[in-house]
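Heads up: the structure comes next, in structure tokens.
2 protein chains.
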Amino acid sequence: MTITSEKKASESESNLDDVLPVSPELVAEIIHALEIEDKNQIIFLLEPLHSADVADVFEQLNGYHRKALTSFIGSDMEPEVLSELDDRALDHVITEMDDEDVARAITQMESDDAVHVLEDMDAEDQRKIIDALSDEDRIVVEEGLSFPEDSAGRLLQRTLVSVPGRWTVGAVIDYFRTDEDLPDEFHLVFIVDPMHHPIGTAALNKIVRSDSDRLISDIMDEDPTIVPVDMDQEEVAYLFRQYDLTSMGVVDDSGRLIGVITVDDVVDVIEEEAEEDLMRMAGVHETDITESILEASKNRVIWLIVNLATAILASMVIAAFDATIEQMVALAVLMPIVASMGGNAGTQTMTVTVRAIATRDLTSSNVKRIVFKEFSIALVNGVIIAIIIGGLSWVWFDSMPLGGVMATAMIINMVMAGLAGILIPIALDKMDIDPALASSIFVTTITDVVGFFSFLWLASVVLL
Amino acid sequence: MTITSEKKASESESNLDDVLPVSPELVAEIIHALEIEDKNQIIFLLEPLHSADVADVFEQLNGYHRKALTSFIGSDMEPEVLSELDDRALDHVITEMDDEDVARAITQMESDDAVHVLEDMDAEDQRKIIDALSDEDRIVVEEGLSFPEDSAGRLLQRTLVSVPGRWTVGAVIDYFRTDEDLPDEFHLVFIVDPMHHPIGTAALNKIVRSDSDRLISDIMDEDPTIVPVDMDQEEVAYLFRQYDLTSMGVVDDSGRLIGVITVDDVVDVIEEEAEEDLMRMAGVHETDITESILEASKNRVIWLIVNLATAILASMVIAAFDATIEQMVALAVLMPIVASMGGNAGTQTMTVTVRAIATRDLTSSNVKRIVFKEFSIALVNGVIIAIIIGGLSWVWFDSMPLGGVMATAMIINMVMAGLAGILIPIALDKMDIDPALASSIFVTTITDVVGFFSFLWLASVVLL
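Quick note, the sequences are listed as chains P and C, same order. What the first sequence shows, in the numbering used here, is residues 1 to 464, in sequence order. What the second sequence shows, in the numbering used here, is residues 465 to 928, in sequence order.
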């Protein structure tokens with residue numbers, strides 16, 4: 001596909017939308033063809049698409065149309081379409097397909113894609129499809145599923161190219177030419193010892209450029225990155241980024257080479273991990289966008305109930321000062337500002353901290369420096385906001401003492417917010433609790449409670 | 465590097481920290497060696513590290529130690545260390561290095577890394593270093609810098625392998641063996657016409673497995689992904705993900721092949737783009753973590769001031785009901801709960817929407833369905849939270865009408881929050897405003913204003 005940029009001058013921002021094949025118009029045409037049951041038209045529309053784009057078409061349709069489309073093209077579908085679908089669309093499509101068609105598709109996939117398709121099915125469906133596989137495929141798939149979720153084992157492809165170190169470059173190239181079982185795509189050859197332990201790797205471009213009578217072990221990279229099969233996928237992704245890798249060998253408990261992870265498999269992991277932080281900090285499930293209304297409601301309401309408890313806690317602080325508020329209703333008007341600004345400042349610091357922990361930019365080597373930095377930022381910005389809102393409150397309610405109370409409470413709360421925003425994620429991380437998931441509850445509670453308390457307490461002491 | 469998992473049983477979560485070379489202990493040893501000015505010890509400690517890890521060491525140090533380390537190892541530093549540094553550390557290191565050393569390092573880099581190092585320098589430093597380059601390197605670097613920031617042009621490597629279509633496979637392999645100017649690493653060969661327009665690509669593994677007398681044009685992929693040099697990097701990253709690409713050709717305005725982007729260059733873009741959404745939604749700059757205290761304060765306080773304005777707006781709503789609150793102080797106690805829960809529910813919907821727009825999961829084909837879904841979730845969860853807080857308020861203040869007002873206001877605000885959370889990002893996106901940057905201001909304003917107004921207005925009508 002050559003993507004041209006003819007209209008770059010006027011609207012370069014959106015030129016990708018204009019050339020990507022799955023346009024809203026195409027989806028509308030497919031829906032129309034589904035409704036008039038015009039199978040030829042559907043095939044005509046889908047035929048030119050890449051399987052990733054066909055998967056996108058499925059994801060754009062509602063459940064009813066997904067099932068209709070599956071029943072029209074089910075047995076003709078490229079196996080790769082299944083591996084590109086999100087969980088919910090996959091569920092709709094697979095439920096509609098014959099088990100034999102699903103099993104046949106899985107047989108044609110790379111092992112990591114096959115495991116990906118099977119891992120989120122319910123146990124009964126999974127069993128039926130695995131039983132329909134050949135013995136050989138069943139063993140590979142069952143082993144893949146036996147690795148922990150989100151581990152290197154779930155990402156690896158079983159087919160790789162491995163040769164003994166005593167082979168010459170010429171012998172290796174002959175092997176490429178004659179062996180039928182090599183993967184369709186590979187960039188790297190593993191050199192293994194007789195126990196199948198990896199002892200090095202050689203990139204294809206290095207092999208083709210070497211003299212054919214040299215030993216492959218003489219030209220190999222003797223220190224390739226090799227990881228255990230149970231390594232967490234987040235750590236796998238970190239290694240790919242840190243060392244700009246294109247592929248990585250994976251070994252089992254006894255150090256035998258069992259597969260390879262390539263960077264294109266890790267690209268999705270990298271995006272997922274950053275997205276996970278974003279979603280968790282807002283209290284939504286990572287897969288929320290593809291969940292049904294009831295699933296999404298259920299997953300989100302838990303977070304809302306926890307937040308309700310913290311909001312009630314903050315209200316109890318206010319209730320403790322009800323007599324004060326009764327005497328001076330201006331306090332009720334101003335108090336949400338203190339709490340809200342603390343919440344915003346705390347969220348800023350917390351977001352930076354959660355990402356810095358995830359990207360390993362915040363470590364015990366620099367933690368003191370960064371805590372000091374956050375404290376300083378909180379103090380500087382607290383003073384700026386305090387001056388603005390203190391002055392405005394003074395003018396609004398024509399009371400300098402009220403302005404002073406507001407400004408003081410604002411500084412206290414924003415400094416507390418800054419400290420909470422950095423110390424809470426660090427503490428949670430030390431306790432092995434995901435800071436993205438739990439920090440904001442604690443930070444909000446602190447900024448609300450401290451915000452209302454400092455303002456109302458100061459007011460009760462100074463003003464009444 | 466072989467990463468073992470000996471202690472997987474007890475603490476598999478943290479095993480990467482145990483094996484990564486840049487430990488807090490190492491950083492402490494380096495700082496100690498810097499302070500006693502033991503150059504040999506510093507070189508001994510840094511020598512075994514990958515250049516990405518050396519860059520991490522620099523990032524962990526404070527400004528003073530960064531400069532000290534630079535002056536010790538400056539001219540011996542691997543060029544790749546510079547390209548791995550974050551902006552602030554790079555600034556510290558380059559300021560301390562001789563311009564000639566920087567220029568020499570840049571000469572040894574890939575063209576995309578050289579541009580990356582130069583692009584964020586201030587104009588004067590950049591000029592001095594560019595002037596110190598050879599004519600040939602200067603042309604490449606200046607052209608790289610002439611492409612728009614965050615465009616394909618900034619990511620591309622100039623060195624690639626291109627051959628005419630009439631060459632045989634054997635001729636291509638001979639060319640690999642004899643040409644000295646080929647890149648160190650390549651997986652793909654571009655086939656070009658006499659005008660240097662790309663007409664196809666062939667993967668290395670396909671070439672080595674083909675008969676040597678076949679024409680390269682017979683085995684090439686005739687429809688590779690080719691993008692214009694001014695395409696936005698976010699769109700480049702999208703294409704890599706969507707089509708599981710490992711590399712992509714880049715053409716200039718006249719369609720001539722000028723470079724190649726490889727997936728490892730895009731991995732960082734993918735992570736940055738997801739991180740950008742997270743940071744922007746919280747009102748912090750993407751590079752906040754590496755900014756100085758004053759830069760970070762300045763960038764964050766703008767957001768805080770905008771939020772202050774929205775908080776004042778909400779206060780003005782409260783002020784309009786000051787007589788109502790004076791008569792019934794329980795309202796002041798309960799009202800922040802309504803606003804806070806609306807804010808949380810709105811943030812959930814908004815986060816999902818912002819991501820769905822960024823990942824192209826939300827399109828005009830399915831927008832109606834997803835708005836309906838969000839409305840339904842908001843209604844379901846609004847009713848659940850309303851029942852809980854309505855009941856609690858009734859008991860707390862021993863007033864059924866107050867409980868009823870609380871429950872009604874909660875449902876109104878949470879439904880509004882859900883609608884605002886999806887409709888505002890969509891509207892901003894249509895207006896070409898980044899939804900991650902601007903949505904939360906509008907959503908919070910709506911949830912605060914609607915929350916306080918609906919509760920206090922209902923209370924004034926029903927209860928007084």
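C-beta atoms are modelled at their ideal positions from N, C-alpha and C, and glycine is treated no differently. No experiment lies behind these values; they were computed from the predicted model shown.
Quiz prompt | Every unbroken alpha helix (DSSP H) inside the region 96 to 140 of chain P [4 residues or more] | solution = 99 to 107, 111 to 119 and 123 to 131
Self-check item: Under 8 Å between C-beta atoms of C:V907 and C:I888
Solution: In the second sequence, counting from the first residue as 1, residue 907 of chain C sits at position 443. In the second sequence, counting from the first residue as 1, residue 888 of chain C sits at position 424. Yes. Within cutoff.
Quiz prompt | Continuous alpha helix (DSSP H) assignments of at least 4 residues falling wholly in the region 658 to 703 of chain C | solution = 668 to 672 and 680 to 683
Self-check item: Buried versus exposed, by CB contacts within 10 Å (16 or more), P:N307
Solution: For the purposes of this step, residue 307 of chain P is taken as the residue at position 307 of the first sequence. When all chains shown are included, P:N307 counts as buried.
Quiz item: Are the Cβ atoms of P:V250 and P:I207 separated by less than 8 Å?
Solution: By 1-based counting over the first sequence, the position of residue 250 of chain P is 250. By 1-based counting over the first sequence, the position of residue 207 of chain P is 207. No, the Cβ-Cβ distance between P:V250 and P:I207 is not below 8 Å.
Quiz item: Listed in chain order, which residues of the region 568 to 587 of chain C have Cβ atoms closer than 7 Å to some Cβ of chain P?
Solution: none
Practice problem: Give a yes or no on whether the minimum CB-CB distance between P:R355 and chain C is below 8 Å. | Solution: Stepping through the first sequence from its first residue, residue 355 of chain P is reached at position 355. Taking Cβ atoms only, chain C reaches closer than 8 Å to P:R355, which makes this a yes.
Quiz item: In the DSSP assignment, what are the bridge partners of P:T168?
Solution: The residue labelled residue 168 of chain P in the question sits at position 168 within the first sequence. DSSP, once it has assigned bridges, lists P:L215 as partnering P:T168.
Practice problem: Quick one: measure Cβ to Cβ for C:Y639 and C:V656, integer angstroms, because I've assumed they're closer than 8 Å. | Solution: Taking the second sequence and counting its residues from 1, the one referred to as residue 639 of chain C is at position 175. Taking the second sequence and counting its residues from 1, the one referred to as residue 656 of chain C is at position 192. Not confirmed; about 13 Å, so no contact.
Quiz item: From which residue to which residue does the beta strand (DSSP E) around C:V724 run?
Solution: Numbered from its first residue, the second sequence carries residue 724 of chain C at position 260. C:V724 -> beta strand (DSSP E) spans L721 to T726.
Self-check item: Inter-stretch contact at 8 Å, needing at least 3 Cβ pairs: the region 385 to 403 of chain P / the region 349 to 361 of chain P
Solution: no
Practice problem: Give every residue of the same chain whose Cβ lies closer than 7 Å to the Cβ of C:T788, excluding the five residues on either side of it in the sequence, and list them in chain order. | Solution: Residue 788 of chain C sits at position 324 when you count from the first residue of the second sequence. These residues qualify, in order along the chain: L795, L920, A923, S924 and L928.
Exercise. With 7 Å as the limit, tell me which residues of the region 619 to 651 of chain C have their beta carbon closer than that to any beta carbon of chain P; keep them in chain order.
Key: I637, F640, R641, E649, F650 and H651
Quiz prompt | Counterpart residues of C:L652 in DSSP-defined beta bridges | solution = Locating residue 652 of chain C in the second sequence gives position 188, where the first residue counts as 1. DSSP, once it has assigned bridges, lists C:A667 as partnering C:L652.
Quiz item: Is the beta carbon of C:D577 sitting closer than 8 Å to the one on C:S547?
Solution: Residue mapping note: residue 577 of chain C aligns to position 113 of the second sequence, counting from 1. Residue mapping note: residue 547 of chain C aligns to position 83 of the second sequence, counting from 1. Cβ atoms of C:D577 and C:S547: closer than 8 Å.
Quiz prompt | Proximal residues of chain P, C-beta to C-beta of C:K894 below 8 Å | solution = Working through the second sequence from its first residue, we reach residue 894 of chain C at position 430. In chain order: nothing, as chain P lies at least about 11 Å away.
Practice problem: Measuring only between beta-carbons, confirm whether P:V415 sits less than 8 Å from chain C. | Solution: Residue numbering aside, residue 415 of chain P sits at position 415 when the first sequence is read from its first letter. For P:V415, the answer is no, since every Cβ of chain C falls outside 8 Å of its Cβ.
Practice problem: Indicate the three-state DSSP secondary structure (helix, strand or coil) for P:V461 in the structure shown. | Solution: The residue given as residue 461 of chain P occupies position 461 in the first sequence. The answer is helix: DSSP assigns P:V461 an H, G or I state.
Practice problem: Compare the beta carbon distance of P:G490 and P:G343 with 8 Å and say whether it is the shorter of the two. | Solution: This structure does not reach residue 490 of chain P, given that chain P is present from 1 up to 464, and the question cannot be answered.
Quiz item: Just by C-beta distance, which residues in the region 337 to 352 of chain P are closer than 8 Å to chain C?
Solution: I337, A339, S340, M341, N344, A345, T347, Q348, M350, T351 and V352
Quiz item: So, does the CB of P:K373 fall closer than 8 Å to a CB anywhere in chain C?
Solution: Reading the first sequence from its first residue, position 373 is the one you call residue 373 of chain P. Yes, contact with chain C.
Quiz item: Which of the three DSSP states, helix, strand or coil, is assigned to P:K8?
Solution: The count along the first sequence starts at 1 and reaches residue 8 of chain P at position 8. Its pLDDT being 40, under 50, P:K8 is placed unreliably in this model, and the coordinates cannot settle the point.
Quiz item: Does any C-beta atom of chain C lie closer than 8 Å to the C-beta of P:V333?
Solution: Reading the first sequence from its first residue, position 333 is the one you call residue 333 of chain P. Yes, because at least one Cβ of chain C sits closer than 8 Å to the Cβ of P:V333.
Self-check item: Contacts of C:H496 in chain P (Cβ-Cβ under 8 Å)
Solution: The sequence position of residue 496 of chain C within the second sequence is 32, counting from 1. None at all; the shortest Cβ gap to chain P is about 12 Å.
Quiz item: Any idea if C:V926 is buried or exposed, counting beta-carbon neighbours within 10 angstroms, 16 or more meaning buried?
Solution: In the second sequence, the residue the question calls residue 926 of chain C occupies position 462. Classification of C:V926: exposed, given that the 10 Å Cβ count is below 16.
Quiz item: What are the boundary residues of the beta strand (DSSP E) that C:G747 is part of?
Solution: Position 283 of the second sequence, counted from the start, is the residue given in the question as residue 747 of chain C. Where C:G747 is concerned, there is no enclosing beta strand (DSSP E), given that its DSSP letter is neither H nor E.
Exercise. Kindly indicate if chain P contains any beta-carbon less than 8 Å away from that of C:D786.
Key: The sequence position of residue 786 of chain C within the second sequence is 322, counting from 1. Yes, because at least one Cβ of chain P sits closer than 8 Å to the Cβ of C:D786.
Quiz item: Of the residues that make up the region 901 to 922 of chain C, which ones have a beta carbon closer than 7 Å to any beta carbon in chain P?
Solution: none
Practice problem: Give a single yes or no on whether P:D223 has its beta carbon closer than 7 Å to a heavy atom of the ligand MG. | Solution: Summarising the ligand content, the structure contains no ligands, and the ligand MG is consequently not present.
Self-check item: Any C-beta of chain C under 8 Å from that of P:V329
Solution: Position 329 of the first sequence, counted from the first residue, corresponds to residue 329 of chain P. Answer yes: the Cβ-Cβ gap between P:V329 and chain C drops below 8 Å somewhere.
Quiz item: Is DSSP giving P:M248 helix, strand or coil here?
Solution: The sequence position of residue 248 of chain P within the first sequence is 248, counting from 1. In this structure, P:M248 counts as strand in the three-state DSSP scheme.
Quiz item: Does the Cβ-Cβ distance between P:T287 and P:D38 come in under 8 Å?
Solution: Counted from its first residue, the first sequence places residue 287 of chain P at position 287. Counted from its first residue, the first sequence places residue 38 of chain P at position 38. Not closer than 8 Å, so no.
Quiz item: If you compare alpha carbons, which of C:D786, C:E790, C:A778 and C:V793 is closest to P:P336?
Solution: Translated into the one-based positions of the first sequence, residue 336 of chain P becomes position 336. Closest option to P:P336, Cα to Cα, is C:A778.
Quiz prompt | Given 8 Å, three or more beta-carbon pairs between the region 642 to 660 of chain C and the region 730 to 750 of chain C | solution = no
Self-check item: Straight-line gap, P:V267 to P:M328 (C-alpha atoms, nearest Å)
Solution: The residue given as residue 267 of chain P occupies position 267 in the first sequence. The residue given as residue 328 of chain P occupies position 328 in the first sequence. Their Cα atoms are separated by approximately 58 Å.
Self-check item: N-terminal and C-terminal residue of the alpha helix (DSSP H) that C:I851 is part of
Solution: As a first step, residue 851 of chain C must be located in the second sequence, where it is residue number 387. Its alpha helix (DSSP H) spans residues V831 to F861.
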